[in-house]
Structure formats: structure tokens, C-alpha cells
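Peer 1:
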Ligand SMILES: [Cu+2]
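In my numbering, the protein residues as written are 1 to 279.
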């Protein structure tokens, strides 16, 4: 019997693969020539990047997170359905180990009240899919809220008026250079696109050119299996869709709520990404 256990252990090993991930909570901004809104996010390096890190693991993987808080206020870290770290004081590092058993697309965030409005919400994917895969985290930015939350001031929770809308921290046309969300593939490919609504508003992606099959919708299980060109995403929801393009072309994927296709008051901007399907 012991030899059998040894052999099983040997073959099962890859599923127990272990990883460590360092994340830094840092401040940067959503900026352009006419606006500069503070934006906090989770980066894999100790400096600001324009988007929260998209984290991807294989099912069964054990991961140890090391979270360092570079802000001057206390933060936390939580992965939807998995737990996290309750308290990360300013300039401290905390660690947490978790096993990701269930394939899926999960919101990770700082669950401290309204810290997600600072920008502290990202996407974690557990998947063994090995064909073209793309990722889009949708977020809004309300400067008044962000400044009040970061500086400990007061703000009106009933008055949420974001003036910038981003995908992976970028507003169109910057999204055209975003390798995570710019869908580039060939006719007949099986493509998956993961979307997480890390904001506080409902969002409504609209696909031009093709219909997609909804594989996963964390807050609308009734959507699963639907073939659609548009769907609603609740705040905090993740949706995974599959697309097999039947023709070549260049098409936008944008949010149907038109205010979200602006950034700093300018249209077109905001939550608009693109795809280029080759012959
Ligand atoms: Cu449209």
C-alpha cells in the first residue's frame, strides 16, 4: 500500500504547486492632461502601476500572499469566497496562505468600508484554460470620495458622482494599449474574457460584432449559458464569457451606460475596450 501512496503522491504533486505573491498597496493616479484623480491599487511591485494586478492561479494551487501597505492608513485584503487579512497597518507587511480549489473569477479587494472606491479592487482567476484569455476590471473614480476616504474626511454616501470610468485603470483611448483587455485572436479561436465590476455602480458591457456565451456570473447564476451581446453586472460581480469569432474584424466592447464612456467629462473615453479578430 505504501508504494501506491508514494506513486500517487508523485503524480498528484503538480496540483499542490505552491506560490508566493507579493502585493503592495500604493497610491498613484488616473491622469490625463485635464484631470488627475488619486487612485490606489494592488501592485506586484513596490510602485504604482496603472492597474490592479490580475492574479491567475491553477486549480488546487496553494498561495501565500505577502501584503505590504504603502499608504498612511490601515487597509485589509479579501478574496471573494476565500477570506484574507483583516488588518494591514501603514507600512506593515502581513501574510496569508490559501488554497484555490474552485475554478472561477473572483473579486479581490480591501473590504474596509468604501476602500474599494479608492481603486482597491481587482480580479483573481482560478483556471486551467490554455487558449486566448483576456481580463477587464471595471472601476469608477469619484475624486471627492477618494480624497475624503484617504484623508479621513467626511463625504456624502448618497452622492456618488464619479467623473472617471476605467477598465484596468485606463480610459479609452489608453485601453487600446492595454494587453490585458485588448482582445486579439483569430477567427475560430475559443476565447475567454473575464470581467470584474470592482466599482459601486451597475455596468453593462455591450459586445459589437459577436455574441458571447456566459460561462460564469457570480451574482446572476441564471445568466449562465445565455448567448448575449450585452448583460448587466452588479457591483462586485464577476462574469466570464466565451467567444468563438465567426468572422474577422475590429469591434468595440463598451459600457452601455453612456456616462461611463466618458473620462474627465470627455467622450469617447472611459469604459471602452476593443478587439481585433484576424482572418
Ligand atoms: Cu454598443
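No residue lacks a Cβ here, since even glycine has one placed at the ideal position from N, Cα and C.
Give the range of the alpha helix (DSSP H) segment to which residue 151 is assigned.
Peer 2: Stepping through the chain shown from its first residue, residue 151 is reached at position 151. Segment 143-151, the alpha helix (DSSP H) holding residue 151.
Peer 1: Rounded to the nearest angstrom, what separates residue 164 and residue 261 at their Cα positions?
Peer 2: Here residue 164 refers to the residue found at position 164 when the chain shown is read from its first residue. Here residue 261 refers to the residue found at position 261 when the chain shown is read from its first residue. So the two alpha carbons sit approximately 9 angstroms from each other.
Peer 1: Hey, would you say residue 251 sits closer than 8 angstroms to residue 188, going by beta carbons?
Peer 2: In the chain shown, counting from the first residue as 1, residue 251 sits at position 251. In the chain shown, counting from the first residue as 1, residue 188 sits at position 188. The answer is no: Cβ separation not under 8 angstroms.
Peer 1: Quick check on this structure: which residue in 225, 82, 92, 214 has the alpha carbon closest to the alpha carbon of residue 111?
Peer 2: For the purposes of this step, residue 111 is taken as residue 111 along the chain shown, with counting starting at 1. Minimum Cα distance to residue 111 is reached at 82.
Peer 1: By the 10 Å Cβ neighbour count, where 16 or more other Cβ atoms means buried, how is residue 64 classified, buried or exposed?
Peer 2: If you number the chain shown from 1, residue 64 lands on position 64. Its Cβ having fewer than 16 others within 10 Å, residue 64 is exposed.
Peer 1: If you count every other CB in all the chains shown that lies within 10 Å of the CB of residue 240, and 16 or more means buried, which is it?
Peer 2: For the purposes of this step, residue 240 is taken as the residue at position 240 of the chain shown. Per the 10 Å Cβ criterion, buried.
Peer 1: I need the DSSP call for residue 70, collapsed to helix, strand or coil.
Peer 2: The residue given as residue 70 occupies position 70 in the chain shown. If DSSP states are grouped into helix, strand and coil, residue 70 belongs with coil.
Peer 1: For residue 162 versus residue 140, is the C-beta spacing smaller than 8 angstroms?
Peer 2: Working through the chain shown from its first residue, we reach residue 162 at position 162. Working through the chain shown from its first residue, we reach residue 140 at position 140. The answer is yes: Cβ separation under 8 angstroms.
Peer 1: Could you check the C-alpha separation between residue 222 and residue 138 for me, to the nearest Å?
Peer 2: For the purposes of this step, residue 222 is taken as residue 222 along the chain shown, with counting starting at 1. For the purposes of this step, residue 138 is taken as residue 138 along the chain shown, with counting starting at 1. C-alpha separation (whole angstroms): 22 angstroms.
Peer 1: Mapping the DSSP letters down to three states, classify residue 259 as helix, strand or coil.
Peer 2: Position 259 of the chain shown, counted from the start, is the residue given in the question as residue 259. In this structure, residue 259 counts as helix in the three-state DSSP scheme.
Peer 1: DSSP state of residue 220, grouped into three classes?
Peer 2: Here residue 220 refers to the residue found at position 220 of the chain shown. Here residue 220 sits in coil by DSSP.
Peer 1: Kindly provide the ranges of any beta strand (DSSP E) runs that are 3 or more residues long and lie completely inside the stretch 81-142, ordered along the chain.
Peer 2: DSSP runs (the beta strand (DSSP E)) wholly in the stretch 81-142: 83-88, 93-100, 104-109, 121-126, 133-141.
Peer 1: Taking the CB atoms as reference points, tell me whether residue 267 and residue 169 lie closer together than 8 angstroms.
Peer 2: Counted from its first residue, the chain shown places residue 267 at position 267. Counted from its first residue, the chain shown places residue 169 at position 169. For residue 267 and residue 169, no; Cβs fall outside 8 angstroms.
Peer 1: My assumption, with CB atoms under 8 angstroms, is that residue 104 sits in contact with residue 126. Please give the rounded CB distance.
Peer 2: Translated into the one-based positions of the chain shown, residue 104 becomes position 104. Translated into the one-based positions of the chain shown, residue 126 becomes position 126. Right, their Cβ atoms sit about 6 angstroms apart.
Peer 1: In its own chain, which residues sit with a C-beta less than 7 angstroms from the C-beta of residue 71, not counting the 5 before and 5 after it?
Peer 2: Here residue 71 is taken as the residue at index 71 of the chain shown, counted from 1. Excluding positions up to five away in sequence, the list reads 25, 27, 40, 90.
Peer 1: How many angstroms separate the CA atom of residue 100 from the CA atom of residue 77?
Peer 2: Here residue 100 corresponds to residue number 100 of the chain shown, with the count starting at 1. Here residue 77 corresponds to residue number 77 of the chain shown, with the count starting at 1. Taking the straight line joining both Cα atoms gives about 16 angstroms.
Peer 1: With contact counted as at least three CB pairs below 8 angstroms, one residue from each stretch, are the stretch 188-205 and the stretch 253-260 in contact?
Peer 2: Judged by Cβ distances under 8 angstroms, the stretch 188-205 makes contact with the stretch 253-260, as three or more pairs qualify.
Peer 1: Could you tell me how far apart the beta carbons of residue 231 and residue 200 are, in whole angstroms, since I believe they sit closer than 8 angstroms?
Peer 2: As a working note, residue 231 is residue 231 in the chain shown. As a working note, residue 200 is residue 200 in the chain shown. With 8 angstroms as the limit, residue 231 and residue 200 do not qualify as a contact, their Cβ atoms being about 18 angstroms apart.
Peer 1: My output table needs one value for residue 179: the three-state DSSP class, helix, strand or coil.
Peer 2: The residue given as residue 179 occupies position 179 in the chain shown. Here residue 179 sits in coil by DSSP.
Peer 1: On a Cα-Cα basis, can you pick out the residue from 19, 123, 96 that is closest to residue 107?
Peer 2: Here residue 107 refers to the residue found at position 107 of the chain shown. When each option's Cα is compared against that of residue 107, the closest is 123.
Peer 1: At which residues does the beta strand (DSSP E) containing residue 240 begin and terminate?
Peer 2: For the purposes of this step, residue 240 is taken as residue 240 along the chain shown, with counting starting at 1. Element bounds for residue 240: 238-243.
Peer 1: Identify the continuous beta strand (DSSP E) that holds residue 201 and give its terminal residues.
Peer 2: As a working mapping, residue 201 is identified with position 201 in the chain shown. Counting along the chain, residue 201 falls outside any beta strand (DSSP E), and DSSP gives it neither H nor E.
Peer 1: Keeping to the same chain, check which residues put their C-beta closer than 7 angstroms to that of residue 269; ignore five residues upstream and five downstream.
Peer 2: Counting from 1 along the chain shown, the entry for residue 269 is found at position 269. If we look at residue 269 and ignore the five residues flanking it on each side, its Cβ neighbours are 171, 172, 261, 262, 263.
Peer 1: Could you tell me the alpha carbon to alpha carbon distance between residue 215 and residue 191, rounded to whole angstroms?
Peer 2: Stepping through the chain shown from its first residue, residue 215 is reached at position 215. Stepping through the chain shown from its first residue, residue 191 is reached at position 191. Each residue's Cα considered, the two are about 12 angstroms apart.
Peer 1: Consult DSSP for residue 174 and reduce its assignment to one of helix, strand or coil.
Peer 2: Numbered from its first residue, the chain shown carries residue 174 at position 174. Residue 174 falls in the helix class under three-state DSSP.
Peer 1: Tell me whether residue 224 is buried or exposed, calling it buried when 16 or more other Cβ atoms sit within 10 Å of its Cβ.
Peer 2: Position 224 of the chain shown, counting from 1, holds the residue named residue 224. Result: exposed.
Peer 1: With DSSP as the reference, label residue 43 as helix, strand or coil.
Peer 2: Counted from its first residue, the chain shown places residue 43 at position 43. Strand at residue 43.
Peer 1: Are there 16 or more other CB atoms within 10 angstroms of the CB of residue 152, so buried, or fewer, so exposed?
Peer 2: Taking the chain shown and counting its residues from 1, one reaches residue 152 at position 152. Per the 10 Å Cβ criterion, exposed.
Peer 1: Reducing DSSP to helix, strand and coil, say where residue 34 ends up.
Peer 2: Numbered from its first residue, the chain shown carries residue 34 at position 34. It is coil, neither helix nor strand.
Peer 1: Rounded to the nearest angstrom, how far is the Cβ of residue 128 from that of residue 58, given a contact under 8 angstroms?
Peer 2: In the chain shown, counting from the first residue as 1, residue 128 sits at position 128. In the chain shown, counting from the first residue as 1, residue 58 sits at position 58. The Cβ separation is near 6 angstroms, so the contact holds.
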